[in-house]
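Report on the structure given below.
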Amino acid sequence: MKMTTGYEPILQNVAKHIALSEGETTFFCSLLQERQYHKKEYLLREGGICNQLAFLTSGCVKSYLLDQKSNEHILTIAIADWWVADYQSLVFDTPSELFIEAVEPTTALLLTKPDREILFTRIPRFEQYFRILTERAFAVSQQRITDILSLPAAARYEQFLRRYQRIAASFSQQQIASFIGVTPAFFSRMLKSKRSS
């Protein structure tokens, strides 16, 4: 059995939502594969089919798409203690429109789609666990859309700095502009205005 301290973060995350016996814990961990990613290494590329979920134990990743002019549009930023996947590709077995890329050296525990189905069969409580996570992810996504539509850019930037304080320096101004939904030129002018005020 490959139980190591590397599994503690995911077990703590699971324990917030469901209780597992020792045997169930052992079985769950046996389905996980640890993987290290270098900075700028892809967890998923556009056109690939997402067949696994990744739980981050350290590091940070971004998911983004490229428009026709190859401009990057960041949809999500995930940090340690978060799950990440392209759920549209995962659910429908369709080619991904997204890239998922490590922003800094990242360690993830991978759970394949077939193994997740095995997990649901063996330990049905995991369906509750993933339902809770899905609902929370949907709520966060909805709030992000609401913020983009209703908050001024400066407020969205302040939120970014608060939520991602530890890793904010890992992002370029262009990437931050993409995440908060403004052009790099607008973002640069906004920063100059903030410094001069």
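Just so you know, we're using full-length UniProt numbering here: the sequence shown kicks off at 1 and counts up by one. Beta carbons are placed, not taken as given, at the ideal position from N, Cα and C, and that holds for glycine.
Is DSSP giving residue i helix, strand or coil here?
{"i": "T106", "result": "strand"}
{"i": "F160", "result": "helix"}
{"i": "E22", "result": "helix"}
{"i": "R166", "result": "coil"}
{"i": "Q33", "result": "strand"}
{"i": "K194", "result": "helix"}
Taking residue i as the reference, give the member of the options with the closest Cα.
{"i": "K192", "options": "G181, I180, F179 and Q173", "result": "Q173"}
{"i": "I167", "options": "A54, F27, C60 and L75", "result": "C60"}
{"i": "D67", "options": "P95, F99 and I132", "result": "F99"}
{"i": "S89", "options": "R45, I74 and H38", "result": "R45"}
{"i": "S30", "options": "F186, T112 and I145", "result": "T112"}
{"i": "A108", "options": "F187, A185, R195 and Y42", "result": "Y42"}
{"i": "D81", "options": "A137, D93 and K69", "result": "A137"}
What is the rounded straight-line gap between the Cα of residue i and the Cα of residue j?
{"i": "Y64", "j": "T183", "result": "15 Å"}
{"i": "A179", "j": "H17", "result": "Per the sequence shown, the amino acid found at residue 179 is Phe instead of Ala. Looking at the two C-alpha atoms, the distance is approximately 30 Å."}
{"i": "W83", "j": "R189", "result": "34 Å"}
With a threshold of 8 Å between beta carbons, is residue i in contact with chain B?
{"i": "L43", "result": "Absent from the structure is chain B; it holds one protein chain and no more."}
Measure the Cβ-Cβ separation of residue i and residue j and say whether it is below 8 Å.
{"i": "W49", "j": "K62", "result": "Trp is not the amino acid found at residue 49; the sequence shown has Ile there. Not closer than 8 Å, so no."}
Inset, instruction - Indicate whether the contact test is met: 3 or more Cβ pairs, each with one atom in the region 46-54 and one in the region 17-28, closer than 8 Å. - result: Cβ pair count under 8 Å is below three, so no.
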